[in-house]
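In what follows, a single structure is set out as structure tokens and then discussed.
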Amino acid sequence: MQPLIISKPEVIKTSKDTFVINQEVDLPDALDLILNDHQIVIEGTYGLGLKLLNLLHGFLKDRHPDTSFEGQRVFRNAYQKYSNKVLLQIQSYRIKTRKSPTIGWLQKLYYGNEDFFLSFPHVQGLNSAWQWYIKGVDIPVLKNKIHPYYNTYFPTRFEHLILFDTWLESYNGAKEFAYDVGIGSGVLTYQLLEKGFDKIFGTDTNPNAIKGMLETTKSSGLLSRVELDYGSLFGRFGYQVELIVFNPPWLPASTNLGRIDEGIYYPERLFPSFFKDAAQRLLPNGKLVLLFSNLAEVSGVTKVHPIREELENEDRFELETLEKSKVKKASNKTKRTQNWRTKEEVELWVLKLKT
Ligand SMILES: C[S@@+](CC[C@H](N)C(=O)[O-])C[C@H]1O[C@@H](n2cnc3c(N)ncnc32)[C@H](O)[C@@H]1O
8 MQPLIISKPE VIKTSKDTFV INQEVDLPDA LDLILNDHQI VIEGTYGLGL KLLNLLHGFL
68 KDRHPDTSFE GQRVFRNAYQ KYSNKVLLQI QSYRIKTRKS PTIGWLQKLY YGNEDFFLSF
128 PHVQGLNSAW QWYIKGVDIP VLKNKIHPYY NTYFPTRFEH LILFDTWLES YNGAKEFAYD
188 VGIGSGVLTY QLLEKGFDKI FGTDTNPNAI KGMLETTKSS GLLSRVELDY GSLFGRFGYQ
248 VELIVFNPPW LPASTNLGRI DEGIYYPERL FPSFFKDAAQ RLLPNGKLVL LFSNLAEVSG
308 VTKVHPIREE LENEDRFELE TLEKSKVKKA SNKTKRTQNW RTKEEVELWV LKLKT
């Protein structure tokens, strides 16, 4: 396997123009300084940093009152730029500032670097990710919680997983080997194992996903039943199997991809390459299962449905079944701006090789 270079928030270099604040009376000056592109290190307490970010948020909201999509994008970019000038110092893998949370990622991800600075928003992200990792996340179709590794995709809605679970209940084919392409935090793999599959080959292009799965399969005694590779699509695996599952990103990408975005946005060639490689790895009676959604279509992003496109234009696969499920209604808060959500459905596509 290629070496895993784990992604993590970048360490920030400070300069002689970096200021330190210790108390609340410094906040208005600190806001002025960050708006003039200076860095501010939060000493005093962690809460002081939260107050400064609140102040910045309010100031930028007033400066960017435009509530249109574009207006909000400008606001978010400004907030991102200036909030990342607010820093925390890390010493011996702990945040130096008083009353800060304890975040295990600081040792796990920065081992060997004991004294450095991170931006406050990045520390907030690390803190949330640490809570998910140590407390675990409940997934309705699984017996045990999952423990997502830092910067690894995990599901927050479950309709598509329920569709897959129901389909697996009725599946009566062989249960020796399966592929889980884009394994993420392993949800589909755990569903397959719970339903009696012997061995899963899992891949991902996100090194953090593979690192996390190596750790959790080892600690739960599943190392021999889940073989992993860090690579695109099927990675180094060439075996033919009876089942291939892929819960791909659901939205077409238009620009550069960041790591976590690869969980959400797909590049143009992803689906054609996937179907070509999958056709070579499916046994004659095998099934190819894709979990997808009409999200891109109903939100007006594209009219292209990459699975329908494959079935209509290529001669590799035919449709066995297509199951759909409505996605839970959006909350009242988001309903006004996301009308299309009422039309959103998740889809379970089961394909077989054309004979
Ligand atoms: C929507 S997430 C699904 C994760 C997991 N299977 C699940 O259902 O929770 C898509 C996953 O595919 C991975 N991915 C994206 N492009 C990939 C590729 N070309 N090859 C392998 N994995 C890929 C992403 O990093 C992400 O973990």
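Just so you know, we're using this note's numbering here: the sequence shown kicks off at 8 and counts up by one.
Quick reminder that beta carbons are idealized off the backbone N, C-alpha and C, glycines included.
The model shown is predicted, which means the values in this text are computed figures rather than measured ones.
Legend entry - Residue interval of the beta strand (DSSP E) (run including residue 96): Unbroken beta strand (DSSP E) run through residue 96: 93-98.
Inset, instruction - Output the distance between the C-alpha atoms of residue 350 and residue 305, rounded to the nearest integer angstrom. - result: 7 Å
Inset, instruction - Would you grab the beta carbon distance between residue 118 and residue 140 for me? Rounded to a whole angstrom, and I think it's under 8 Å. - result: Their Cβ separation, rounded to whole angstroms, is 16 Å, which puts residue 118 and residue 140 out of contact at 8 Å.
Legend entry - Close-in-space but distant-in-sequence residues of the same chain around residue 327 (CB under 6 Å, 5 per side omitted): 357 and 359
Inset, instruction - Determine whether the Cβ of residue 165 lies closer than 7 Å to any Cβ atom of chain C. - result: As a matter of chain content, chain C is missing from the structure shown, which is built from one protein chain.
Legend entry - C-alpha distance - residue 201 paired with residue 231, whole-angstrom precision: Residue 201 and residue 231: Cα-Cα distance of roughly 15 Å.
Legend entry - Alpha-carbon to alpha-carbon, residue 217 and residue 266: Because residue 266 sits at a pLDDT of 48, beneath the cut-off of 50, its placement in the model cannot be relied upon, and the following sentence gives the value as read from the coordinates. Looking at the two C-alpha atoms, the distance is approximately 13 Å.
Legend entry - Identity of the residue in 108, 120 and 160 nearest residue 271 by Cα: 160
Inset, instruction - Go to residue 356, then tell me how far its beta strand (DSSP E) extends in each direction, as first and last residue. - result: 352-360
Legend entry - Residue environment, residue 204, which counts as buried when at least 16 other CB atoms sit within 10 Å: By the Cβ neighbour-count rule, residue 204 is buried, with 16 or more other Cβ atoms within 10 Å of its own.
Inset, instruction - Taking 7 Å as the cut-off, decide whether the C-beta atoms of residue 207 and residue 224 are in contact. - result: In this structure, residue 207 lies away from residue 224, with their beta-carbon atoms at least 7 Å apart.
Inset, instruction - Using 6 Å as the cut-off, classify the Cβ of residue 213 as near or not near the heavy atoms of ligand 1, replying yes or no. - result: yes
Inset, instruction - Enumerate, from N- to C-terminal direction, the unbroken alpha helix (DSSP H) stretches of 4 or more residues contained entirely within the stretch 80-163. - result: 112-116 and 127-142
Inset, instruction - Can you give me the Cβ contacts of residue 124 inside the same chain, cut-off strictly under 6 Å, excluding the 5 residues immediately before and after it? - result: 19, 21, 94 and 96.
Inset, instruction - May I have the straight-line CA-CA distance separating residue 106 from residue 85, to the nearest angstrom? - result: If you take the alpha carbons of residue 106 and residue 85, they lie about 28 Å apart.
Inset, instruction - Let me know the beta strand (DSSP E) ranges lying completely inside the stretch 285-334, each 3 residues or longer, listed in chain order. - result: You should have 289-300 and 324-333.
Inset, instruction - Check whether the Cβ of residue 14 lies closer than 6 Å to any heavy atom of ligand 1, and answer yes or no. - result: no
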